[in-house]
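*Asks:* Just so we're aligned: the sequence shown equals residues 19 to 527 in my numbering. I have a structure I would like to understand better, so I am pasting it below and will then ask my questions one at a time.
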Amino acid sequence: MQPLYVQVHPADNVAIIVSPDGLTLAEHIPQSHKVALSHIASGEPIIRYGQVIGHAKRDIAQNSWVREEFLSLPDAPSLDDLPLATATPPPLPPLPGYTFQGFRNPDGSCGTRNILGIATTVQCVAPTVDYAVRRIKAEILPRFAGVDDVTAVTHTYGCGVAIDAPGAEIPIRTLRNISLHPNLGSAPLIVSLGCEKLQPARLLPHHNLRPAGAGHFPVLEADPYVVRLQDFEHRGFGDIVATIMRLAEKRLEELNRRSRQTCPASALTVGLQCGGSDAFSGVTCNPAVGFAADLLVRAGAAVMFSEVTEVRDAVHLLTPRAASVEVARDLIREMRWYDDYLARGSADRSANPTPGNKRGGLSNVVEKALGSVAKAGTSALMSVAAPGDRLSSKGLVFAATPASDFICGTQQLASHMNLHIFTTGEGSPYGLAMVPVIKVSSRTALAERWFDLIDVDAGKIATGEATIESTGWEIFRLCLEVASGTKKTWADHWGLHNSLAPFNPGPVT
Ligand code: CA
C-alpha cells in the first residue's frame, strides 16, 4: 500500500502529500505540499517534526492546503539561554571492519583520488593555468595511468581585496587548506603572478616554498613548488607554460608512484549538504543520509554537516547533543558570528528558502532547517570548525559555512572532506573536481527524470518501497565503493565540476 501522505511526528497538525489521488481533500494540493490534518484556528501553531514552524495567519480548514502565505515566521531561537550538552547521546556501538582503497599521504591523511592540483594565489593567473592544464591533460597525463586527473584550483580571490581586514583570514585559510587537500597528495604545485596581495608565503606560511623559474629544478619532494609568472627568467607565454608543464610532469611522476592501499573507513571525512530541498527532503533523503552518517560515525569516520542559515532555526535541537559545554558554546559562537554578518548586510531571514524550495512545499526557513538537520543523524556533536578550518575531531562535526551550494562545497573541501553527499529535491547537477559527489534525491520522480544524474533514490522511502535504514545502508556502501574508485558518481561520469567559490566576508577594494 502506497501511503498517500506523510505525518512525521504524532503531534504534527500538518502532513506532506505523497499522492493527492485517493485522499479526500478540500481542494487540490500538489505533491510535497502540506495538508491540515485538523482545523487550525488563526493564531494557533502549525506543527511539523513535532516543532512549531509558524503560526496560522488565518483559519485553515481541515484537509485544506496550508499555503506558505498562511504561516507567520517565528523568531529564531535566542542564542542566550540554550541548553548546553544537556542530552549528549552515548557513543554509538562501533562498526569495525569497513575499509576502502585509498591513497595514503605523508601527513597521515588518505585520499579518495590521486589528483595533481595546481593551486593559484590569484585569479590573474587562472586562464594561464587553465591553458596549461588542458595541455598537461592532452600531452602528459596519458603517460601516468596511476593519476586520476589534473585540476586547476582557481578562484576569484587574491588581489583587489582588503587582505588584512577582519574576515580576510577566512578565504586565505580556505585556499591554504584546499591546496593541501588529501586528494591532491597534500602538496600542491603553486602558480603565482608576483605582484598580488596574497603572496605564496602568505598562502602557505609554514612551508619551505621552492621558487621554480625556467631551468630551475627543485630537489626536496616534501615542499611545494612555486612558479611565479613575473620572474625575469620567463621570456613570453611559451616559457611560462613550459615551466608549469615541466613541474607538473615532475609532480605527476611522484603521484604516479603511489597506488591504492587498504585504508580504514575512519580515514573518510564525509561532507553533507543539501541543495534545492523540498518538503520531502526532511522525511526521505535527509533522514537516510542521517542513518548513513550514524554508520560512518560508528565506523570511525568524520562526518561534517554545515550551512549555518539552515541550522540556525534548529540550533536548540543541536546544542543539547554537544559532547561538552565547550562544543555547544563553539556552535553558538558560529551562529552568532553569522547572525552579525547577516545583520551587517541587512539580510532578511525570509530570503531563505528559495523560490524552488517554496515550489517544493517548504514554507519557510524553520521548516527547511528542521528537515535539513535530519542529515546529522543521532550521534553526539563532537566538535565545531570555523569557516575554512580543518576539523579537530572524528565523529559528527559542524563545519560553519554559508548554505550556498558551491560556497559550502568549497568550504567543506577546506575542511578536507574527501567524499561529498548532496541531497536534493528540486534537482541540481552539482559536482566537484576534487572529490566525488554522491547525489541523493528526495523524490522518485526526480530520480527517474534525472536517471543519469542522481546516484541514489531516497524517494522510495515515501512510497514504502524502501526504508530509511535500507537506504542509509545503500548510501554507506556506496560511499566505500566511490571512495575506492570502483564506482563512479554521475557527476564524475559527465565531468560536472562546479567552480570553487571561497567564502569572502571581507571587503573588496
Ligand atoms: Ca546548500
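Ideal placement from N, C-alpha and C gives every residue a C-beta, glycine not left out. All values derive from a computational prediction rather than experimental measurement.
Kindly list the residues whose CB is nearer than 6 Å to the CB of L471, restricted to its own chain and excluding five residues on each side of it in sequence; keep chain order.
*Replies:* Sequence index remark: in the sequence shown, residue 471 carries index 453 (1-based). Here the set comprises P447 and W508.
*Asks:* Is any non-hydrogen atom of ligand 1 found closer than 7 Å to the C-beta of E187, if you look at the structure I gave you?
*Replies:* Working through the sequence shown from its first residue, we reach residue 187 at position 169. Answer for E187: no, Cβ out of range of ligand 1.
*Asks:* How is P112 classed by DSSP in three states: helix, strand or coil?
*Replies:* Here residue 112 refers to the residue found at position 94 of the sequence shown. Looking at P112 - three-state DSSP - the assignment turns out to be coil, as it is neither helix nor strand.
*Asks:* Going straight from the alpha carbon of G406 to that of S295, what length do you get?
*Replies:* Counting from 1 along the sequence shown, the entry for residue 406 is found at position 388. Counting from 1 along the sequence shown, the entry for residue 295 is found at position 277. The straight-line gap from Cα to Cα measures roughly 24 Å.
*Asks:* Is the beta carbon of S433 sitting closer than 8 Å to the one on G413?
*Replies:* Within the sequence shown, residue 433 is the residue found at index 415, counting from 1. Within the sequence shown, residue 413 is the residue found at index 395, counting from 1. No, the Cβ-Cβ distance between S433 and G413 is not below 8 Å.
*Asks:* Is F298 closer than 8 Å to I71 when the C-beta atoms are compared?
*Replies:* Walking along the sequence shown from the start, residue 71 turns up at place 53. Walking along the sequence shown from the start, residue 298 turns up at place 280. Contact flag unset, no.
*Asks:* Any residue with its C-beta under 6 Å from a non-hydrogen atom of ligand 1 counts. Can you list them all in chain order?
*Replies:* Going by the Cβ distance cut-off, the answer is Q291, C292, G293, E325, A421, D423 and C426.
*Asks:* Between the beta-carbon of G524 and the beta-carbon of V179, is there less than 8 Å?
*Replies:* Taking the sequence shown and counting its residues from 1, the one referred to as residue 524 is at position 506. Taking the sequence shown and counting its residues from 1, the one referred to as residue 179 is at position 161. Against a cut-off of 8 Å, the Cβ pair of V179 and G524 comes out as a contact.
*Asks:* Which term fits P371, buried or exposed, when burial requires 16 or more other beta carbons within 10 angstroms of its beta carbon?
*Replies:* Residue numbering aside, residue 371 sits at position 353 when the sequence shown is read from its first letter. By the neighbour-count rule (16 or more Cβ atoms within 10 Å), P371 is buried.
*Asks:* Taking the alpha carbon of C292 as the point to measure from, which residue in T138, L399 and M322 has its own alpha carbon closest?
*Replies:* In the sequence shown, counting from the first residue as 1, residue 292 sits at position 274. The candidate whose alpha carbon is nearest that of C292 is M322.
*Asks:* Throw me the rounded Cβ distance for the I456 and L496 pair, which I believe falls under 8 Å.
*Replies:* Numbered from its first residue, the sequence shown carries residue 456 at position 438. Numbered from its first residue, the sequence shown carries residue 496 at position 478. Correct: roughly 6 Å between the Cβ atoms.
*Asks:* Nearest CA to the CA of L222: which residue from L211, A137 and A183?
*Replies:* One-based indexing of the sequence shown puts residue 222 at position 204. Measuring from the Cα of L222, the nearest candidate turns out to be A137.
*Asks:* Does the distance from the CB of V288 to the CB of M435 come in under 8 Å?
*Replies:* Residue 288 sits at position 270 when you count from the first residue of the sequence shown. Residue 435 sits at position 417 when you count from the first residue of the sequence shown. Yes.
*Asks:* Rounded to whole angstroms, what is the Cα-Cα separation between P108 and S60?
*Replies:* Working through the sequence shown from its first residue, we reach residue 108 at position 90. Working through the sequence shown from its first residue, we reach residue 60 at position 42. Using only the alpha carbons, I get a separation of about 41 Å.
*Asks:* What number of angstroms, rounded off, separates the C-alpha of P305 from the C-alpha of F121?
*Replies:* Against the sequence shown, residue 305 aligns to sequence position 287. Against the sequence shown, residue 121 aligns to sequence position 103. Cα-Cα distance, rounded: 30 Å.
*Asks:* In the DSSP assignment, what are the bridge partners of F118?
*Replies:* Locating residue 118 in the sequence shown gives position 100, counting from the first residue. Beta-bridge pairing links F118 to C281.
*Asks:* Should L336 and A501 be called a contact, given that it needs their Cβ atoms to be closer than 8 Å?
*Replies:* Mapped onto the sequence shown, residue 336 falls at position 318. Mapped onto the sequence shown, residue 501 falls at position 483. The answer is no: Cβ separation not under 8 Å.
*Asks:* Which whole-angstrom value is the C-beta distance of S127 and P200, which I expect to be below 8 Å?
*Replies:* Position 109 of the sequence shown holds residue 127. Position 182 of the sequence shown holds residue 200. At roughly 4 Å, the Cβ-Cβ gap stays under 8 Å, so S127 and P200 are in contact.
*Asks:* Using the C-alpha atoms, what's the distance from S381 back to A79?
*Replies:* For the purposes of this step, residue 79 is taken as residue 61 along the sequence shown, with counting starting at 1. For the purposes of this step, residue 381 is taken as residue 363 along the sequence shown, with counting starting at 1. For A79 and S381, the distance between alpha carbons rounds to 18 Å.
*Asks:* What does a CB cutoff of less than 6 Å around E86 pick up in its chain, not counting 5 residues either side in sequence?
*Replies:* Here the question's residue 86 lines up with position 68 in the sequence shown. The residues are K376 and S381.
*Asks:* So does the region 100-118 actually touch the region 340-360, counting three or more Cβ pairs closer than 8 Å?
*Replies:* Because the criterion of three Cβ pairs below 8 Å is met, the region 100-118 and the region 340-360 touch.
*Asks:* State the start and end residues of the unbroken beta strand (DSSP E) segment that holds P63.
*Replies:* One-based indexing of the sequence shown puts residue 63 at position 45. P63 to R66 is the span of the beta strand (DSSP E), which, as asked, contains P63.
*Asks:* From the DSSP output, in three-state form, read off F235 for me.
*Replies:* As a position in the sequence shown, residue 235 is number 217, starting the count at 1. Because F235 carries a pLDDT of 42, less than 50, the predicted location of this residue cannot be relied on, and no value is offered for it.
*Asks:* Hey, is the region 346-355 in contact with the region 110-125, meaning 3+ C-beta pairs nearer than 8 Å?
*Replies:* Output reads no: the region 110-125 does not touch the region 346-355.
*Asks:* For L74 and A150, I'd like the C-alpha separation in whole angstroms.
*Replies:* Position 56 of the sequence shown, counted from the start, is the residue given in the question as residue 74. Position 132 of the sequence shown, counted from the start, is the residue given in the question as residue 150. In the sequence as displayed, the identity of residue 74 is Ala instead of Leu. Distance between the alpha carbons of A74 and A150 is about 59 Å.
*Asks:* Using a Cβ distance threshold of 8 Å, determine whether the region 419-428 contacts the region 263-278, with at least three qualifying pairs required.
*Replies:* No, because fewer than three Cβ pairs between the region 419-428 and the region 263-278 fall closer than 8 Å, the two stretches do not touch.
*Asks:* Leaving aside the five residues before and after L464 along the sequence, list all residues of the same chain whose C-beta is less than 6 Å from its C-beta, in chain order.
*Replies:* The residue given as residue 464 occupies position 446 in the sequence shown. Taken in chain order, the residues that qualify are G445.
*Asks:* What is the DSSP secondary structure of L202, counted as helix, strand or coil?
*Replies:* What you label residue 202 is simply residue 184 of the sequence shown in a count that begins at 1. Looking at L202 - three-state DSSP - the assignment turns out to be helix.
*Asks:* Which residue comes first and which comes last in the beta strand (DSSP E) that contains H73?
*Replies:* Taking the sequence shown and counting its residues from 1, one reaches residue 73 at position 55. Q69 to A74 is the extent of the beta strand (DSSP E) around H73.
*Asks:* Please report how far the alpha carbon of S364 lies from the alpha carbon of P28, in whole angstroms.
*Replies:* Looking up residue 364 in the sequence shown gives position 346. Looking up residue 28 in the sequence shown gives position 10. Approximately 38 Å between the Cα atoms of the pair.
*Asks:* Have a look at G185, C281, I196 and T139 and flag the residue whose alpha-carbon is nearest the alpha-carbon of C213.
*Replies:* Counted from its first residue, the sequence shown places residue 213 at position 195. Taking only the C-alpha atoms, the option nearest C213 is T139.
*Asks:* Select from R191, N31, L91 and P63 the residue whose C-alpha is nearest the C-alpha of N522.
*Replies:* In the sequence shown, the residue the question calls residue 522 occupies position 504. N522 has its Cα closest to that of R191, out of R191, N31, L91 and P63.
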